[in-house]
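Trainee: Protein chains in written order, with the working numbering: chain A, 1 to 424; chain E, 1 to 424. Even glycine gets a Cβ: it sits at the ideal position worked out from N, Cα and C. The following block contains the structure, expressed as structure tokens.
There are 2 protein chains.
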Amino acid sequence: MRCDVLAVGTELLLGQIIDTNSSWLGEHLALHGVDSLSQVKVGDNIGRITGHLRRMITEADAVIMCGGLGPTHDDLTREAIAAVMGVDLVLDEDVADVIRHLFSSRNRAMPENNLRQAMVPVGATIIPQTRGTAPGLICPVTVDTPEGPVERVIYAVPGVPHELRDMFDRGILPDLQRRSGEQWTIASRTLRTWGESESGLNERLDDVIAELDLVGNPTLAFLASGWEGLKVRLTARAETREAAEIVLAPWEAKIRSILGHQVFGIDNDTMESVVLSLLDDLGWSLGVAESVTGGLVAGRLTGVPGASRVFRGGIVSYASEVKFDLLDVPEGPVVTEEAALAMAHGVRRLLDADAGLALTGVAGPAEQDGMRPGTLFAAVVHPGAEGLVERAVHIRLPGDRDTMRQLSVISALDLLRRSVTGSL
Amino acid sequence: MRCDVLAVGTELLLGQIIDTNSSWLGEHLALHGVDSLSQVKVGDNIGRITGHLRRMITEADAVIMCGGLGPTHDDLTREAIAAVMGVDLVLDEDVADVIRHLFSSRNRAMPENNLRQAMVPVGATIIPQTRGTAPGLICPVTVDTPEGPVERVIYAVPGVPHELRDMFDRGILPDLQRRSGEQWTIASRTLRTWGESESGLNERLDDVIAELDLVGNPTLAFLASGWEGLKVRLTARAETREAAEIVLAPWEAKIRSILGHQVFGIDNDTMESVVLSLLDDLGWSLGVAESVTGGLVAGRLTGVPGASRVFRGGIVSYASEVKFDLLDVPEGPVVTEEAALAMAHGVRRLLDADAGLALTGVAGPAEQDGMRPGTLFAAVVHPGAEGLVERAVHIRLPGDRDTMRQLSVISALDLLRRSVTGSL
């Protein structure tokens with residue numbers, strides 16, 4: 001089954017809005033075993049929309065159109081579909097009533113052009129609207145092929161991402177699966193990793209990749225995600241979700257046994273949520289002292305709802321005197337292992353926290369204390385079986401100022417995770 | 001002149017990478033008066049790449065291909081162009097030397113497949129590589145049209161955004177302008193604003209927009225950019241850059257006179273760079289105390305190279321006791337104007353800074369101190385003509401946890417800016 005995507009809107013071509021819809025659709029089609037082999041952006045021009053649509057529906061079994069369903073004269077998706085189907089547009093009274101009701105329930109007068117959204121190509125069915133005013137459309141269309149006429153389908157959904165995603169799950173996916181006649185479903189598991197490059201991971205998983213290539217199910221994909229780490233995703237298909245989970249399980253176990261502590265979480269876990277939850281389980285509080293990252297570690301930790309159960313606060317000791325005066329760092333060079341350790345001890349004491357994490361380094365563009373941009377010293381101090389545990393690492397990070405700072409954040413949090421779990 | 005875009009890479013269709021390149025190209029082509037009317041994503045499949053390219057170059061004067069220039073067998077852009085041009089690929093010794101040198105200068109052995117990147121279609125010219133290993137290509141191609149054969153052009157650039165942007169400016173744009181035979185150039189001015197919604201700005205600029213619609217040059221565009229504020233961009237075209245600047249100037253002045261202090265900067269200014277530069281000019285240092293934003297304000301300020309001239313540091317007083325113990329906030333509710341002011345005084349004192357900025361609020365999902373998510377109190381304390389100036393604001397912000405925190409950052413920095421410049 002092949003389902004291509006046609007995104008409609010001049011604003012997409014002008015770069016005023018980035019088309020994330022077709023990427024999302026491509027990802028979710030693939031997860032359900034549907035190929036999306038061509039995705040097109042076109043402006044609000046009836047000739048060009050119709051031209052692309054006509055061609056695309058001869059190449060693919062289905063085409064999803066995103067956008068162009070609004071009330072204005074620029075919204076031409078309905079007209080293009082009717083032209084390709086060779087049918088008229090008619091007013092759907094039920095849809096019209098929903099739209100009228102939406103306005104009256106908000107005590108607002110309805111501009112007449114809103115009823116354009118109730119115009120439906122003859123022969124199409126509706127994906128009812130739940131949030132916006134425009135319904136989605138399922139439009140069967142007969143296409144001449146060398147093997148004779150075949151029935152294909154054009155879907156139309158609004159360009160607003162949450163409406164599109166809702167209608168995809170509720171209307172498009174079930175219809176696609178009914179048409180494909182296939183009964184399987186999918187399950188996926190993303191292993192979140194940190195500590196190795198994509199090519200390094202690839203090499204270590206070489207044998208697994210070769211085996212998976214032979215088996216074909218599940219499939220494996222890598223996704224480098226900056227300071228979110230590197231994702232390794234397994235996707236399995238089977239007749240039921242339960243069966244797909246059973247297909248996944250031994251491969252997940254195998255990959256985990258190879259990657260070991262480099263797997264820090266699964267699916268929607270993040271390094272910061274994992275660290276917070278580890279400390280929460282231990283009943284430990286955390287304080288963070290930052291220089292090179294200037295608050296980014298604290299900012300990420302506090303992005304997690306409920307961070308306050310663990311995170312007491314942070315000291316952004318950007319100026320050296322703040323390190324000396326507030327954190328009792330010995331006067332001298334501040335981009336050193338000793339300074340990082342002193343900062344970790346200092347913030348732990350100052351904020352009365354069980355664990356202290358500290359970062360000092362050089363983000364660039366200039367050198368500092370004779371250290372090159374990309375230099376990071378990170379240190380942790382936390383309770384252990386025999387008194388306080390303290391550890392520090394010296395890491396060389398690549399990239400510009402922003403990249404170096406972002407990679408510093410996940411590197412330092414990972415140090416804390418591995419020190420606390422004894423996997424350093 | 002019409003220049004369409006063909007982005008190549010299976011990872012784009014699978015949603016593993018979002019295609020921001022074609023959006024960027026569409027925006028910058030439009031800025032230079034070139035239409036981009038269709039933008040296509042296609043996977044690493046030679047038949048489909050060639051099929052799209054063959055069709056697109058009959059529809060547009062030029063096609064930019066992004067991606068597929070790497071060293072592996074999946075990188076098929078060179079082969080597709082050669083097929084459409086009807087020519088062979090040959091090894092370009094100069095390019096090969098650059099690639100060999102790149103590896104030897106890093107003391108690394110060069111895998112032989114890297115020389116694939118030195119293969120060039122006969123008749124193409126090179127856009128030399130400066131950072132990556134793959135050069136860009138300028139490939140003239142003769143296309144049969146109903147009016148007879150015409151010369152068109154296919155450009156190929158790497159998918160890595162910074163390489164692509166550099167080669168667009170350096171290689172594609174000059175070539176496009178030479179081919180179009182048009183002599184004009186463009187100048188643009190982006191006014192960075194904060195303090196009003198897009199519809200509010202639109203309304204205040206109603207008359208200017210109507211006048212610009214009549215004049216046609218310059219053009220005006222709004223771009224809502226989250227915690228980067230709202231951008232108002234004027235773009236003028238003229239025969240020389242100097243003339244374009246002259247076209248711009250009175251309109252910029254007109255818009256500035258209407259928007260007043262809401263314009264915080266231009267072009268690549270950011271709220272944090274503007275605030276740092278204001279304080280730098282005054283010779284003032286800054287300390288920041290954050291609760292709801294948990295380090296994001298400090299993180300943004302320290303993202304600016306040279307921030308250390310002004311920014312001494314920050315206290316992330318996430319737990320209430322940290323506010324009480326370290327910042328001398330009076331015990332009691334901490335989401336109040338009084339608490340924000342006490343935090344600003346406290347951090348100024350503690351870090352020995354000239355100015356103090358503080359934020360306390362509720363990001364959600366839960367209420368705190370009876371305050372709803374979206375509540376922000378921000379406060380500043382800084383020197384004034386008659387002793388210390390202190391100001392606080394209470395703002396209601398929209399959005400989820402992330403959005404609320406991001407809007408808090410720019411709102412608080414704007415408070416500091418306006419208080420220091422006397423425009424509050």
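Out of A:A319, A:R417, A:A109, which one is the CA nearest neighbour of G356 of chain A?
Mentor: Within the first sequence, numbered from 1, the residue matching residue 356 of chain A stands at position 356. It is A:R417 whose Cα lies nearest to the Cα of G356 of chain A.
Trainee: What residues from the region 63–96 of chain E come within 7 Å of chain A, judged by C-beta to C-beta, listed N to C?
Mentor: Those residues of the region 63–96 of chain E that come within reach of chain A (Cβ to Cβ, closer than 7 Å) do not exist; the list is empty.
Trainee: Do M85 of chain E and C139 of chain E have their CB atoms nearer than 7 Å?
Mentor: Here the question's residue 85 of chain E lines up with position 85 in the second sequence. Here the question's residue 139 of chain E lines up with position 139 in the second sequence. Yes, the pair counts as a contact, with Cβ atoms nearer than the cut-off.
Trainee: Within 10 Å of its beta-carbon, does V122 of chain E have 16 or more other beta-carbons around it, so buried, or fewer, so exposed?
Mentor: For the purposes of this step, residue 122 of chain E is identified with residue 122 of the second sequence, where counting begins at 1. It is exposed - the Cβ of V122 of chain E has fewer than 16 other Cβ atoms within 10 Å.
Trainee: What residue does the alpha helix (DSSP H) around T426 of chain A start on, and which one ends it?
Mentor: Nothing about residue 426 of chain A can be read from this structure; chain A reaches only from 1 to 424.
Trainee: Quick check: what's the CA-CA separation for A412 of chain E versus V141 of chain E?
Mentor: Position 412 of the second sequence holds residue 412 of chain E. Position 141 of the second sequence holds residue 141 of chain E. Straight-line Cα distance between these residues: approximately 55 Å.
Trainee: If the cut is a Cβ gap below 9 Å, which residues of chain E does S23 of chain A touch?
Mentor: The residue labelled residue 23 of chain A in the question sits at position 23 within the first sequence. L12, L13, L14, G15, Q16, I17, I18, D19, K41, listed in chain order.
Trainee: Shorter than 7 Å from the beta carbon of V322 of chain A to some beta carbon of chain E?
Mentor: As a working note, residue 322 of chain A is residue 322 in the first sequence. Chain E, which has a Cβ nearer than 7 Å to the Cβ of V322 of chain A, makes this yes.
Trainee: With 7 Å as the threshold, decide whether the Cβ of V362 of chain A is near any Cβ in chain E.
Mentor: Taking the first residue of the first sequence as position 1, residue 362 of chain A is located at position 362. Chain E, which has no Cβ nearer than 7 Å to the Cβ of V362 of chain A, makes this no.
Trainee: Starting from the N-terminal side, write out each stretch of the alpha helix (DSSP H) that is 4 residues or longer and does not extend beyond the region 270–336 of chain E.
Mentor: Listed in chain order, they are 271–282, 296–301, 320–327.
Trainee: Does the contact criterion of 3 or more C-beta pairs under 8 Å hold for the region 306–323 of chain A versus the region 372–383 of chain A?
Mentor: No: fewer than three Cβ pairs fall under 8 Å.
Trainee: Near V247 of chain A, which residues of its chain fall below 7 Å by C-beta distance, leaving aside the five closest residues on each side in sequence?
Mentor: By one-based count along the first sequence, residue 247 of chain A stands at place 247. Excluding sequence neighbours, V247 of chain A sits near N217, P218, A236, A238.
Trainee: Please name the residue in E:D402, E:A340, E:R100 whose C-alpha comes closest to that of R300 of chain A.
Mentor: Mapped onto the first sequence, residue 300 of chain A falls at position 300. Cα-wise, what sits closest to R300 of chain A is E:D402.
Trainee: Once the 5 residues before and after D400 of chain A are set aside, which same chain residues still bring their CB inside 8 Å of it?
Mentor: Against the first sequence, residue 400 of chain A aligns to sequence position 400. Same-chain partners within the cutoff: G364.
Trainee: Starting from S197 of chain E, find everything on chain A with Cβ-Cβ shorter than 8 Å and list it in chain order.
Mentor: The count along the second sequence starts at 1 and reaches residue 197 of chain E at position 197. Within 8 Å Cβ-Cβ: nothing; S197 of chain E doesn't reach chain A, min ~17 Å.
Trainee: With distance defined between alpha-carbon atoms, name the residue in E:Q16, E:A30, E:Y318 nearest to T185 of chain E.
Mentor: Looking up residue 185 of chain E in the second sequence gives position 185. T185 of chain E has its Cα closest to that of E:A30, out of E:Q16, E:A30, E:Y318.
Trainee: Ordered along the chain, which non-local residues of its own chain (more than five positions away) have a Cβ less than 7 Å from that of V275 of chain A?
Mentor: Looking up residue 275 of chain A in the first sequence gives position 275. The answer, listed in chain order, is L413, L416, R417.
Trainee: Please name the residue or residues paired with F168 of chain A in a DSSP beta bridge.
Mentor: Position 168 of the first sequence, counted from the first residue, corresponds to residue 168 of chain A. Note: F168 of chain A sits in no beta bridge, so no partner.
Trainee: Can the beta-carbon of T360 of chain E be found closer than 7 Å to that of V389 of chain E?
Mentor: Counting from one through the second sequence, the residue named residue 360 of chain E turns up at place 360. Counting from one through the second sequence, the residue named residue 389 of chain E turns up at place 389. No, the Cβ-Cβ distance between T360 of chain E and V389 of chain E is not below 7 Å.
Trainee: In three-state DSSP terms, what is R152 of chain E?
Mentor: By 1-based counting over the second sequence, the position of residue 152 of chain E is 152. It is a strand residue.
Trainee: Give me the residue from E:V232, E:N21, E:D44 with the minimum Cα distance to V208 of chain E.
Mentor: Taking the first residue of the second sequence as position 1, residue 208 of chain E is located at position 208. Closest by alpha carbon: E:V232.
Trainee: Quick one: list the residues of chain E neighbouring A319 of chain A, beta-carbon separation under 7 Å, in chain order.
Mentor: For the purposes of this step, residue 319 of chain A is taken as residue 319 along the first sequence, with counting starting at 1. Here the neighbours are S308, R312, G313.
Trainee: What three-state label does DSSP hand E390 of chain E in the structure shown?
Mentor: Here residue 390 of chain E refers to the residue found at position 390 of the second sequence. It is a strand residue.
Trainee: Using 7 Å as the limit for Cβ to Cβ distance, is L351 of chain A near chain E?
Mentor: Locating residue 351 of chain A in the first sequence gives position 351, where the first residue counts as 1. For L351 of chain A, the answer is yes, since a Cβ of chain E falls inside 7 Å of its Cβ.
Trainee: In the structure shown, what three-state DSSP assignment does R372 of chain E receive?
Mentor: In the second sequence, the residue the question calls residue 372 of chain E occupies position 372. It is coil, neither helix nor strand.
Trainee: For R48 of chain E, which residues in chain A fall below 7 Å Cβ to Cβ?
Mentor: Position 48 of the second sequence, counted from the start, is the residue given in the question as residue 48 of chain E. Going along chain A in sequence order, the residues near R48 of chain E (Cβ under 7 Å) are L37, S38.
Trainee: E228 of chain E and T270 of chain E look like a contact to me (Cβ under 8 Å); what is the Cβ gap, rounded to whole Å?
Mentor: Mapped onto the second sequence, residue 228 of chain E falls at position 228. Mapped onto the second sequence, residue 270 of chain E falls at position 270. About 7 Å; that satisfies the 8 Å criterion.
Trainee: Near G132 of chain A, what residues of its chain come up, given a Cβ to Cβ distance below 7 Å and the 5 sequence neighbours on each side ignored?
Mentor: For the purposes of this step, residue 132 of chain A is taken as the residue at position 132 of the first sequence. Here the set comprises P158, V160, E163.
Trainee: How far does the alpha helix (DSSP H) with A177 of chain A in it extend, from its first residue to its last?
Mentor: Along the first sequence, read from residue 1 onward, the residue named residue 177 of chain A stands at position 177. Rather than Ala, the amino acid found at residue 177 of chain A in this sequence is Gln. Element bounds for Q177 of chain A: 173–180.
Trainee: Where does the unbroken alpha helix (DSSP H) through S105 of chain E begin, and where does it stop?
Mentor: In the second sequence, counting from the first residue as 1, residue 105 of chain E sits at position 105. Per DSSP, S105 of chain E belongs to the alpha helix (DSSP H) from 93–105.
Trainee: Whether or not the region 106–126 of chain E and the region 76–84 of chain E are in contact is what I'm after, with contact meaning three or more pairs of Cβ atoms, one per stretch, closer than 8 Å; do they touch?
Mentor: In short, these stretches touch, since the Cβ pair count reaches three.
Trainee: Alpha carbon to alpha carbon, how far is L326 of chain A from D354 of chain E? Give it in angstroms, no decimals.
Mentor: The sequence position of residue 354 of chain E within the second sequence is 354, counting from 1. The sequence position of residue 326 of chain A within the first sequence is 326, counting from 1. For D354 of chain E and L326 of chain A, the distance between alpha carbons rounds to 17 Å.
Trainee: Rounded to whole angstroms, what is the Cα-Cα separation between P135 of chain E and P71 of chain E?
Mentor: On the second sequence, residue 135 of chain E is found 135 positions in, with the first residue counted as 1. On the second sequence, residue 71 of chain E is found 71 positions in, with the first residue counted as 1. Approximately 12 Å, taken between the alpha carbons.
Trainee: Please list the residues of the region 280–294 of chain E that have a C-beta atom closer than 9 Å to any C-beta atom in chain A, keeping them in chain order.
Mentor: Under the 9 Å Cβ criterion, the region 280–294 of chain E contributes S285, G287, V288, E290, S291, V292, T293, G294.
Trainee: For Q39 of chain E, does the three-state DSSP call read helix, strand or coil?
Mentor: Residue mapping note: residue 39 of chain E aligns to position 39 of the second sequence, counting from 1. Three-state DSSP puts Q39 of chain E in a strand.
Trainee: Does the distance from the C-beta atom of M371 of chain A to that of A289 of chain A stay below 7 Å?
Mentor: Numbered from its first residue, the first sequence carries residue 371 of chain A at position 371. Numbered from its first residue, the first sequence carries residue 289 of chain A at position 289. Not in contact: M371 of chain A and A289 of chain A (Cβ atoms no closer than 7 Å).
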